[in-house]
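Q: My structure is below; once you've seen it, I'll send some questions.
Residue numbers (this note's numbering): 97 to 441.
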């Protein structure tokens, strides 16, 4: 639990929108944004094209230096759809990892790097040679652990719409990766599912997890995952993400839409999600929840978007000190951006 004599303080500093329509005739939709702060400047990437899965869908990028720069495509126009970018910033280097392929069952992970704040990018290469299905992070960013490893939250989707979550660890700054076993999870009837193959067709499961490390216990890492089971699920690792406890439902509703989580320097966790319990329910409102006990409770809620019948979804969140930077989909026509400052007093 957090200190009983301290309360979480939060202030919404600003909220704005990146216009993505009209850049050219092929940017009809945008989705699945990711955010990182590089050399003090917020950056964002997302996939955009005529429609999700279409071969003209590429990864787009913008940088905020007073105003957001005009979005530009940063992945090749190679006739294959790009998906679910993640940005990771460290020591002035931006790393982009994204998926490319005809669908979720056949996509593979690609990596590109920028050393100038996103102005130029290296030629993309496979994250794991020969991979099919996607390695490394899927939607949510990887983190640097206290043992020096990179830990990437990932998941796999097969052609029967069955899902499983896992983590990928790297001890050489992302050159090679070691995959954990799938995270087992509790089904509504109390049985434990260990692998997606145990699920029926269209069984779905856990997907697109978010992770953070306990600031008080090196090696203890927490995971929250999107599900089709009406609730966000939670798992815990005590060995730097090598193995995971059985994931079980939390008290936070989930409508089978993406979530994001990040830990600030002052020990406040931010969770951004749609707190709606119906599977494939409305992707509104979009809210930020704050916790000082690693997500056991969330005493603070900030409503970022509440307009009905508009999709506000697939958020990404990253901590810069005690600032929480967030981006998210707005009706698949704009990218929302918000910053909240947190503290405990």
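The beta carbon of each residue, even a glycine, is placed where N, CA and C say it ideally should be.
Have a look at 137, 428, 376 and flag the residue whose alpha-carbon is nearest the alpha-carbon of residue 421.
A: Considering only alpha carbons, the answer is 137.
Q: Among all the DSSP beta bridges, which residues are the ones paired with residue 426?
A: The partner list for residue 426 (beta bridge, DSSP) reads 408, 430.
Q: For the structure I just gave you, are there three or more beta carbon pairs, one from the stretch 207–222 and one from the stretch 234–246, closer than 8 Å?
A: Cβ pair count under 8 Å is below three, so no.
Q: Note down the Cα distance separating residue 62 from residue 318, rounded to an integer number of angstroms.
A: Summary: the structure shown does not reach residue 62, with the chain confined to residues 97 through 441, and so no result is reported for it.
Q: Where do the N-terminal and C-terminal ends of the beta strand (DSSP E) with residue 209 fall, by residue?
A: Start and end: 204–210.
Q: Between the stretch 301–309 and the stretch 318–331, are three or more C-beta pairs nearer than 8 Å?
A: Touching, yes.
Q: Under the rule that 16 or more other beta-carbon atoms within 10 Å means buried, what is residue 110, buried or exposed?
A: The residue in question, residue 110, is exposed, as its Cβ has fewer than 16 Cβ neighbours within 10 Å.
Q: Using a Cβ-Cβ cutoff of less than 6 Å, which residues in the same chain neighbour residue 367 once the five nearest sequence positions on both sides are dropped?
A: Only 357, 385 meet the Cβ criterion.
Q: Establish whether the CB of residue 212 and some CB of chain B are separated by less than 8 Å.
A: No chain B is part of this structure, which consists of one protein chain only.
Q: Can you tell me the Cα-Cα spacing of residue 243 and residue 162, whole angstroms?
A: Whole-angstrom Cα-Cα distance: 36 Å.
Q: Given 8 Å as the limit, is there contact between the stretch 276–289 and the stretch 200–215, that is, 3 or more CB pairs closer than that?
A: Cβ pair count under 8 Å is below three, so no.
Q: What separation, rounded to the nearest whole angstrom, lies between the Cα atoms of residue 171 and residue 130?
A: Rounded to the nearest angstrom, the two C-alpha atoms are 15 Å apart.
Q: Ignore the nearest five residues each way along the sequence and tell me which others in residue 310's own chain have a CB closer than 8 Å to its CB.
A: Excluding residues within five positions, the ones whose Cβ falls inside 8 Å are 316, 317, 318, 390.
Q: Indicate the three-state DSSP secondary structure (helix, strand or coil) for residue 137 in the structure shown.
A: Strand.
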